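Take the sequence shown: its position 153, counted from the start at 1, is 173 in this note's numbering, and no numbers get skipped. For glycine and all other residues, C-beta sits at the position ideal for the given N, C-alpha and C. Just so it is clear, the structure is predicted and the values come from calculations on it, not from any experiment. This report refers to the structure that appears directly beneath it.
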Amino acid sequence: MHAVDDDDLSFPDPPRLDLDEALTALMAQAERFRTTQGRLRDLLTATRAVLEESDLTSLLHRIVEAAATLVDAEYGALGVLTSEGDALEQFVYVGIDDESAAKIGHLPTGHGLLGQLIVDPRPIRLESVSAHPSAEGFPAHHPPMDSFLGVPLRVRGAVFGNLYLTNRRTGTFTKEDEQLVGALAASAGFAVENARLLQHSRTREKWMAAAAELSASLLSSPTETAFDLIAGRIHDLADVDRTMLVLTGDDAALLHIAAARGEGESRLRGMTTTVRAGELDDALVAGAMCALASAPASHGEAFRVVHAGVAGPALVAPLRSRARLWGATVLVRAPDRARFSDAEIESIGDFASRASIALELAHAREEQQRARLADDRRRIARDLHDHVIQQLFGTGLTLQAIAGSMAPGHQSESLRESVGRLDDAISQIRTVIFALSGSDDTSTRHRVLDVIAELSASLDRPPSVRFSGPVDHVITAHLADDVIAVVRELLSNAVHHSRADNLSVEVGAVDASVVVAVEDDGVSIPADAHRSGLSNLEERAVARGGVFLVDSVPGRTKATWRVPVRDEGDREDAGEGKGAGNPVSPGPAGPAKESSR
Numbered sequence: 021m022h023a024v025d026d027d028d029l030s031f032p033d034p035p036r037l038d039l040d041e042a043l044t045a046l047m048a049q050a051e052r053f054r055t056t057q058g059r060l061r062d063l064l065t066a067t068r069a070v071l072e073e074s075d076l077t078s079l080l081h082r083i084v085e086a087a088a089t090l091v092d093a094e095y096g097a098l099g100v101l102t103s104e105g106d107a108l109e110q111f112v113y114v115g116i117d118d119e120s121a122a123k124i125g126h127l128p129t130g131h132g133l134l135g136q137l138i139v140d141p142r143p144i145r146l147e148s149v150s151a152h153p154s155a156e157g158f159p160a161h162h163p164p165m166d167s168f169l170g171v172p173l174r175v176r177g178a179v180f181g182n183l184y185l186t187n188r189r190t191g192t193f194t195k196e197d198e199q200l201v202g203a204l205a206a207s208a209g210f211a212v213e214n215a216r217l218l219q220h221s222r223t224r225e226k227w228m229a230a231a232a233e234l235s236a237s238l239l240s241s242p243t244e245t246a247f248d249l250i251a252g253r254i255h256d257l258a259d260v261d262r263t264m265l266v267l268t269g270d271d272a273a274l275l276h277i278a279a280a281r282g283e284g285e286s287r288l289r290g291m292t293t294t295v296r297a298g299e300l301d302d303a304l305v306a307g308a309m310c311a312l313a314s315a316p317a318s319h320g321e322a323f324r325v326v327h328a329g330v331a332g333p334a335l336v337a338p339l340r341s342r343a344r345l346w347g348a349t350v351l352v353r354a355p356d357r358a359r360f361s362d363a364e365i366e367s368i369g370d371f372a373s374r375a376s377i378a379l380e381l382a383h384a385r386e387e388q389q390r391a392r393l394a395d396d397r398r399r400i401a402r403d404l405h406d407h408v409i410q411q412l413f414g415t416g417l418t419l420q421a422i423a424g425s426m427a428p429g430h431q432s433e434s435l436r437e438s439v440g441r442l443d444d445a446i447s448q449i450r451t452v453i454f455a456l457s458g459s460d461d462t463s464t465r466h467r468v469l470d471v472i473a474e475l476s477a478s479l480d481r482p483p484s485v486r487f488s489g490p491v492d493h494v495i496t497a498h499l500a501d502d503v504i505a506v507v508r509e510l511l512s513n514a515v516h517h518s519r520a521d522n523l524s525v526e527v528g529a530v531d532a533s534v535v536v537a538v539e540d541d542g543v544s545i546p547a548d549a550h551r552s553g554l555s556n557l558e559e560r561a562v563a564r565g566g567v568f569l570v571d572s573v574p575g576r577t578k579a580t581w582r583v584p585v586r587d588e589g590d591r592e593d594a595g596e597g598k599g600a601g602n603p604v605s606p607g608p609a610g611p612a613k614e615s616s617r
């Protein structure tokens, strides 16, 4: 073996060693610079992708995709805060397929670790989700998640939502990841603001155009179809599951659903529901704007869309003009849908206000037409009274005198039958005259006739109407309100559910009792039918010491509401005899009966 002399050993001199170390450091720094440059390039690419999108819904999804790609995260999500900033109203996610999402169930609303960013909007970076004290675990079928990065997204200084990123594919999230996502969130905030402004502008333009179109339609349509037009237009524009137009009537305790669109529309249309204690019903009665994150059970099924026991958001927009409160539109969404945004509330409220003005103008036009029609009707009524009735009455007296002068037999009996038919014809004409010439539109008879005309507009054959006794003299004040509500409920049920060919309505004041009866020849009431309206009528009758009876067999249903007449509060002693007697002079002073029109 060759011996190595000390002279053969060589070591780098100190300057050369320092140079090697410097070169190594420069190479490492260059590598870091190259990596950082690449990540900055990725940030610019992500920012450009975000800023190029103007549709808000697509933008939110693109922000999540860009953030997850930027830091190589397996899962990403953006939780959008409610207007109150205390919960999540929208949750946009990537990385989880639709099948897995369906198995997981309801989307997060901002509890546990996700809620920590809501309470304290500062970035959170964790090596393990379970290590944080706010972690509450995951629901069934949720994929496992480990590393976590959460960064708030601000718009105009206010927190709009939070970015959540989990499961970095290479290691855990770093401080640099946090800074990059924070920079992306800042750029995304400007993009969200611009998209919201654009969406708000487009939304207002869309609703204003719809309001102008609706106003033109209302001015050329009868009032009875106006409510359906309003409900239909709102439902088409508002992206809701159910839209109803609710009217407040003579009885403040009742709400009538005049029009409905969406889920359950055929069942709800025409329904009368009772006002309950609650924010939603208070808004309906007072004519105030009201938005609820979830309609409580106390408001009843009509104003709630429920899935798996959870009710969705609801919005009330009043139909109010200077002259009156028409009612309100009620919009309801399913529980998995977003709450109504401030922009939506503003646009829908403005549309409802414009619709109210159009309704008022249409109503004024109808009043003008009605006034002209009333003049024509009064003229016709005078002609019927002064000529037709007098001639028939005179003919009847002549025939009666001839029959009295004849010997008993077939001919005299035929004359008496003819006199009876003339009396019936006179009675029918007198009912027509009353409807044509009556100037007191607040009388009970006119109110009943108005309700019947309103509810029977869709029928091929109008209901027959019969009044018995001094209706206008006996049925006044609060009793009249009850009678009108009963007629409305009974006739509404018959019109919408009986599929009848013939309907009859009778309102009578005889033998110290008031009777309302509605009869039809349609299908009978099923044993398991929804009876909330009928129960309300029974409660009204019992409260007045009366009864409510329903006699239903195949091919015939008759509902009878009977209550005794009370002196206190039911009758105003205003001497209403002027409306109680016949509107024509021939015949008895008060109509024992008035046959159907």
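Item to complete: Give me the Cα-Cα distance between Arg586 and Ala258, rounded to the nearest whole angstrom.
Response: Take the alpha-carbon of Arg586 and the one of Ala258: they are about 49 Å apart.
Practice prompt. State the Cα-Cα distance for the pair Asp492 and Gly414, rounded to the nearest angstrom.
Written response: 29 Å
Item to complete: Report the residue ranges of all beta strand (DSSP E) runs contained in full by the stretch 536-584; include only those spanning at least 3 residues, in chain order.
Response: For the stretch 536-584, whole beta strand (DSSP E) runs of length 3 or above, ordered along the chain, are 567-573, 576-584.
Worksheet item: Taking C-beta to C-beta, are Arg142 and Ser167 nearer than 9 Å?
Response: no
Fill in: Nearest-angstrom Cα separation, counted from Ser367 out to Ala229
11 Å
Practice prompt. With DSSP as the reference, label Met228 as helix, strand or coil.
Written response: Reduced to three states, the DSSP call for Met228 is helix.
Discussion item. Between which two residues does the alpha helix (DSSP H) holding Phe413 run?
Written reply: 410-425
Worksheet item: Residues in its own chain within less than 8 Å of Val650 by CB, not counting five upstream and five downstream?
Response: Nothing can be reported for residue 650: it is not among the residues displayed for the chain, which extend from 21 to 617.
Item to complete: Have a look at Phe323 and Val350 and give me their C-alpha separation to the nearest angstrom.
Response: 7 Å
Fill in: Classification of Ile422 by the beta-carbon crowding that lies within 10 angstroms, buried from 16 upward
exposed
Discussion item. Less than 9 Å between the C-beta atoms of Asp540 and Asn556, yes or no?
Written reply: One thing to note: Asp540 has its Cβ no nearer than 9 Å to the Cβ of Asn556.
Worksheet item: So what does Glu526 bridge to, in DSSP terms?
Response: Arg486, Ala537
Worksheet entry | Leu204, DSSP secondary structure in three states | helix
Fill in: Own chain residues within Cβ distance below 7 Å of Ala372, not counting five before or after
Ala337, Pro338, Leu339, Thr349
Fill in: Same chain only: Cβ atoms within 7 Å of Gly202, ignoring 5 sequence neighbours per side
Hits under 7 Å: Pro143, Val171.
Worksheet item: Of all the options Ala122, Gln110, Glu119, which has the alpha carbon lying nearest to the alpha carbon of Pro128?
Response: Gln110
Worksheet item: Given that a residue counts as buried once 16 or more other Cβ atoms are within 10 Å of its Cβ, and exposed if not, what is Glu196?
Response: By the neighbour-count rule (16 or more Cβ atoms within 10 Å), Glu196 is not buried but exposed.
Item to complete: Give a yes or no on whether the C-beta atoms belonging to Leu469 and Val485 are separated by under 9 Å.
Response: yes
Discussion item. Judging by CA-CA distance, which residue of Leu267, Arg224, Glu285 is the nearest neighbour of Gly252?
Written reply: Glu285
Discussion item. If I follow the unbroken beta strand (DSSP E) through His276, where does it start and stop?
Written reply: 274-282 is the span of the beta strand (DSSP E), which, as asked, contains His276.
Practice prompt. Would you check if the distance between the CB atom of Leu238 and the CB atom of Leu417 is smaller than 9 Å?
Written response: no
Worksheet item: From which residue to which residue does the alpha helix (DSSP H) around Thr77 run?
Response: 76-90
Discussion item. Is the separation between the beta-carbon of Arg436 and that of Asp502 shorter than 9 Å?
Written reply: Cβ atoms of Arg436 and Asp502: not closer than 9 Å.
Worksheet item: Which class does Ala308 belong to by DSSP, given the choice of helix, strand or coil?
Response: coil
Worksheet item: Can the beta-carbon of Leu134 be found closer than 9 Å to that of Leu108?
Response: yes
Worksheet item: Between Ala537 and Thr580, which are expected to be in contact by the criterion C-beta below 8 Å, what is the C-beta distance as a whole number of angstroms?
Response: 5 Å
Fill in: Spatial neighbours of Ile472 in its chain, beta-carbon cut-off 8 Å, leaving aside the 5 residues before and after
Leaving aside the five residues that flank Ile472 on each side, the residues in its chain whose CB is nearer than 8 Å to its CB run, in chain order, Pro482, Pro483, Val485, Val507, Leu511, Val525.
Practice prompt. Tell me, please, whether the stretch 388-396 touches the stretch 143-158 by the rule of three or more beta-carbon pairs shorter than 8 Å.
Written response: no
Worksheet item: At which residues does the beta strand (DSSP E) containing Ala93 begin and terminate?
Response: 93-101
Worksheet item: Under a three-way DSSP split, which group does Ala358 fall into?
Response: coil
Item to complete: For Ser376, count neighbouring C-beta atoms within 10 Å of its own C-beta (all shown protein chains included) and say buried if the count is 16 or more, exposed if not.
Response: buried
Discussion item. Let me check understanding here. Comparing Cα to Cα, which of Arg61, Glu283, Leu569, Gly132 lies closest to Leu200?
Written reply: Arg61
Worksheet item: Under the DSSP definition of a beta bridge, which residues are partnered with Thr190?
Response: Residue pairing by DSSP leaves Thr190 without any beta bridge partner.
Discussion item. Which same chain residues end up closer than 7 Å to Asp248 when comparing Cβ atoms and leaving out the 5 residues on each side of it in sequence?
Written reply: Excluding sequence positions up to five before and after Asp248, its CB lies within less than 7 Å of the CB of Ala279, all in the same chain and listed in chain order.
Worksheet entry | Backbone CA spacing between Gly99 and His255 [nearest angstrom] | The straight-line gap from Cα to Cα measures roughly 27 Å.
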